[in-house]
Amino acid sequence: MENDQNNNYQNKYNTEIREYGEDELKIIEEGKVQIKFPDFDKVSSDAPVFYNPRMEFNRDNSILALQAYQREVDREINICDLFGGSGIRGIRYKKEIDGVGDVSINDISPLANEFTRINAELNDVEVEIDQREANNELRSNMGRFDVIDIDPFGTPSPFVDSAGYNLKRDSLLCLTATDTSCLCGTYEEPCIRKYNAQPYKSEYCHENGIRILIGFAALTLAKYQKYIEVKMSHSSEHYMRTYLKVRKGSKATDESLKNIGYIAHCNHCLYRSEYKGLASSIPEFCPECGEKLIVAGPMWLGPVQNEEFIDS
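Per the working numbering, the very first residue in the sequence shown carries number 54; after that it's consecutive.
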């Protein structure tokens, strides 16, 4: 099945797998690396090699976060970049972070993998290049990675379960979501479908969106008796990003899930309150003015930042 998926992808882009002339390539510098990639007209999920210059801050911030994590665990860390694209993220991880062991850069696109190879050689780094469907990559490498970075075009939700299966004790799960219109409540049905949560479009919708994303991850990992400690989260431009340290233990997981709950908001008098617990009893009407309450969730109601981690 996996081979069929890879063959289908290769057939889709078979006209692109060829030698590119220098006039057809862009060379950019970011951080301490240089990257070559084909000069496609736009950034889209259809581009066979994916590089988005608007995500440079994301990558810069990720390097700082992963370095802080490496110092915290005080060991060599192995990293999986699940959606490699041009290879820039994984190559920067290998080049710019101290204490990194293996870096696995995965992409189902054969052309993306070829440019990852080119760019790894260009920057004189050794990385492992895999060509698998993302869930297969995670399921095939159980317990291997200290860091799993899921930065897809759109929602990370289809891959969180496999990450939960893979992740070992004290590992780090990094999630990016670019489907902010659903997480923020502009489109409710996709949020319900992808994250099993009701969003609410408000002046604090970006925080709600991050909390829905984290809550979805917490509930998904709980089936594997794993729980999260949120190290850092932010909403920037068109995406949301969170860094979750993953721990193990059934009792601690049960305790952690007490941070899952709902927010109730009154549009009439602006009353708002949180209700912890998946089975919370939430009043239908506002206790202040009697108008009907709007309810969003389930979502993470615990901390979304760790000041000590950020300061480090």
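Glycine included, C-beta positions come from ideal geometry on N, C-alpha and C.
These figures come from a predicted structure and were not determined experimentally.
- Contact holds between the region 78 to 86 and the region 110 to 122, because three or more Cβ pairs, one in each stretch, are under 8 Å apart.
- In this structure ASP127 is exposed. Its beta-carbon is surrounded by fewer than 16 other beta-carbon atoms within 10 angstroms.
- Residue pairing for ASN159: DSSP places it in a beta bridge opposite ASP183.
- A straight line joining the alpha-carbon of LEU191 with that of ALA165 spans about 19 Å.
- Leaving aside the five residues that flank MET352 on each side, the residues in its chain whose CB is nearer than 8 Å to its CB run, in chain order, ALA250, ASN261, ARG264, ILE265, ILE267, GLY268, ILE313, GLY314, TYR315, ILE316.
- Between LYS247 and THR295, the CB-CB gap reaches or exceeds 9 Å.
- Between GLU290 and SER224, the alpha-carbon positions lie close to 27 Å from each other.
- Our two residues, ILE182 and ASN320, have alpha carbons roughly 51 Å apart in a direct line.
- Annotation for LEU346: ALA317, CYS319, CYS339 place their beta carbon closer than 6 Å to its own, counting only its chain and skipping 5 residues before and after.
- C-alpha of THR306 to C-alpha of THR239: approximately 32 Å in a straight line.
- Residue pairing of LEU228 in beta bridges, as defined by DSSP: ILE203, THR295.
- Distance from the CA atom of GLU308 to the CA atom of ILE281, rounded to whole angstroms, is 11 Å.
- Counting of Cβ neighbours within 10 angstroms places LEU310 among the buried residues, the total reaching 16 or more.
- For ARG222, the closest of PHE198, GLU337, ILE245 by C-alpha to C-alpha distance is PHE198.
- Bounds of the alpha helix (DSSP H) holding GLY268 are 258 to 275.
- Using a Cβ distance threshold of 9 Å, VAL178 and CYS133 do not count as a contacting pair.
- Counting of Cβ neighbours within 10 angstroms places ARG142 among the buried residues, the total reaching 16 or more.
- The straight-line gap separating the alpha-carbon atoms of GLY140 and LYS276 is approximately 32 Å.
- The continuous beta strand (DSSP E) containing ASN131 extends over residues 130 to 134.
- Residue state for SER193 is assigned as coil, using DSSP reduced to three classes.
- Counting other Cβ atoms within 10 Å of its Cβ, ILE203 reaches 16 or more and is therefore classed as buried.
- Bounds of the alpha helix (DSSP H) holding PHE212 are 210 to 219.
- The beta carbon of TYR328 sits closer than 6 Å to the beta carbons of GLY314, TYR315, ILE335 from its chain, once the five residues preceding and following it are set aside; these are given in chain order.
- Shown here, LEU310 sits in a helix according to DSSP, grouped into three states.
- Taking C-alpha positions only, GLY137 is separated from GLU341 by approximately 51 Å.
- Note: GLY350 is bridge-paired with GLN251 in the DSSP secondary-structure output.
- For ILE245, the CB contacts under 7 Å within the same chain, skipping 5 residues up- and downstream, are GLN251 in chain order.
- Shown here, ALA332 sits in coil according to DSSP, grouped into three states, outside any helix or strand.
- When C-alpha distances from GLY350 are compared across CYS235, ALA230, VAL180, PHE362, the shortest belongs to CYS235.
- Here the alpha carbons of CYS227 and GLN123 stand approximately 14 Å from one another.
- Going by DSSP, TYR122 is part of the alpha helix (DSSP H) stretching over 109 to 126.
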